[in-house]
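The block underneath contains the structure these notes are about, expressed in structure tokens.
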Amino acid sequence: MRFEKLNENKIRITLTNKDLEKKNIDFHSFMANPIESQDLFFDMLDEAEEKMGFVTKDYQLRLEAIQIAGGDFILTITRSLPEKQRLQEKKKIHIRRKNLDDFNNTNAIYCFKNFEDFCAFSNFINCNNIAYTNIAKSLSLYEYNNSYYLCISKIKLNYPNAKQLFSSITEFASYVSNSDLFKLKLNENGKLIMKNNALKTAIQYFK
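Just so you know, we're using the working numbering here: the sequence shown kicks off at 1 and counts up by one.
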């Protein structure tokens, strides 16, 4: 289990299959029945407080769980102070579940709220030397309904930096779909901004 502090109010926890086995947790039942999994969350929060000083008492928590190619799981926990009248309430965890691929899907579509967020992600990839050029057959960027969609097609699931790239992108964009129908919708109703290797183009021209 790996803990990373993203900022003062956000941490990332990476869980491997071995971590789940040690805690006798089956991830599929964990995703389907979060009530039975809350003990795991609070165990991790206690460990995060002990290791990183990430205190969650009297905070509201939002937890995003995402399953990535390769079998690891990324949990991003964000804390925020509730309104005064809610300070004494029990901590509430709001979970967004994102199951990228059931271990074998090779397509993914992410939504960026604006073009600046996409450029920020591209610069993050570049500054952190995260290789991306051969991770998929194509990475195309579309504009649709004032948002920007990065379509990643034919992902190489065994690519060395796949886990790092997909865990990073969740800090800048939201996972939307892996459906060919949604990409067809973008082709028909959206505007193609960058074709084939959108990350390379953004890094080259929008630093």
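Virtual Cβ for every residue (Gly too), placed ideally from N, Cα, C.
Predicted model only: the values in this text are computed from it and were never measured.
Could you tell me whether the segment 112 to 129 touches the segment 71 to 80, using the rule of 3 or more Cβ pairs below 8 Å?
With the rule of 3 Cβ pairs closer than 8 Å, the segment 112 to 129 does not count as touching the segment 71 to 80.
By DSSP, does residue 201 sit in helix, in strand, or in coil?
Position 201 of the sequence shown, counting from 1, holds the residue named residue 201. Residue 201 falls in the helix class under three-state DSSP.
The alpha helix (DSSP H) spanning residue 121 covers which residue range?
On the sequence shown, position 121 is the one that residue 121 refers to. The continuous alpha helix (DSSP H) containing residue 121 extends over residues 115 to 127.
Cα-Cα separation, residue 125 to residue 160:
Here residue 125 refers to the residue found at position 125 when the sequence shown is read from its first residue. Here residue 160 refers to the residue found at position 160 when the sequence shown is read from its first residue. The straight-line gap from Cα to Cα measures roughly 14 Å.
Could you tell me the distance, in whole angstroms, from the CA atom of residue 86 to the CA atom of residue 4?
Start at 1 with the first residue of the sequence shown, and residue 86 comes out as number 86. Start at 1 with the first residue of the sequence shown, and residue 4 comes out as number 4. Here residue 86 scores only 48 on pLDDT, less than 50, and its place in the model should not be relied on; the value that follows carries that caveat. Taking the CA atoms as reference points, residue 86 sits about 28 Å from residue 4.
CB contact flag (residue 137, residue 147, <8 Å)
Along the sequence shown, one-based indexing puts residue 137 at 137. Along the sequence shown, one-based indexing puts residue 147 at 147. Judged by beta-carbon spacing, residue 147 lies beyond the 8 Å limit of residue 137, meaning their Cβ atoms are not closer than that value.
How would you label residue 50, buried or exposed, when you count the other beta carbons within 10 angstroms and need 16 or more for buried?
As a first step, residue 50 is located in the sequence shown; it is residue number 50 there, counting from the start. Counting the other CB atoms within 10 Å of its CB gives residue 50 a total below 16, which places it among the exposed residues.
For residue 23 and residue 43, the rounded distance between their alpha carbons
Locating residue 43 in the sequence shown gives position 43, where the first residue counts as 1. Locating residue 23 in the sequence shown gives position 23, where the first residue counts as 1. Straight-line Cα distance between these residues: approximately 10 Å.
Distance between residue 76 and residue 11 (C-alpha atoms, nearest Å)
Within the sequence shown, the letter at position 11 stands for residue 11. Within the sequence shown, the letter at position 76 stands for residue 76. Rounded to whole angstroms, residue 11 to residue 76 spans 6 Å at the Cα level.
Backbone secondary structure at residue 210 - three-state DSSP:
A question about residue 210 goes unanswered here, because the residues of the chain that appear run from 1 up to 207.
Please classify residue 81: does DSSP put it in a helix, a strand, or coil?
Translated into positions along the sequence shown, residue 81 becomes position 81. In the three-state reduction of the DSSP assignment, residue 81 falls in the coil class, being assigned neither a helical nor a strand state.
What does the alpha-carbon distance come out to for the pair residue 64 and residue 129?
For the purposes of this step, residue 64 is identified with residue 64 of the sequence shown, where counting begins at 1. For the purposes of this step, residue 129 is identified with residue 129 of the sequence shown, where counting begins at 1. Taking the straight line from one Cα to the other gives about 25 Å.
Going by the beta-carbon positions, is the gap between residue 140 and residue 202 smaller than 8 Å?
By one-based count along the sequence shown, residue 140 stands at place 140. By one-based count along the sequence shown, residue 202 stands at place 202. Note that the C-beta distance between residue 140 and residue 202 is not below 8 Å.
Among all the DSSP beta bridges, which residues are the ones paired with residue 223?
Given that the chain is displayed from residue 1 to residue 207, the structure contains no residue 223 and the question cannot be resolved.
Contacts around residue 174, its chain only, beta-carbon distance under 7 Å, and the 5 residues preceding and following it disregarded
Working through the sequence shown from its first residue, we reach residue 174 at position 174. Setting aside the 5 residues that flank it on each side, residue 174 is surrounded in the same chain by 110, 111, each with a C-beta closer than 7 Å to its C-beta; the list follows chain order.
Got a sec, what are the start and stop residues for the beta strand (DSSP E) residue 185 sits in?
Taking the first residue of the sequence shown as position 1, residue 185 is located at position 185. Unbroken run through residue 185 is the alpha helix (DSSP H), 180 to 189; no beta strand (DSSP E).
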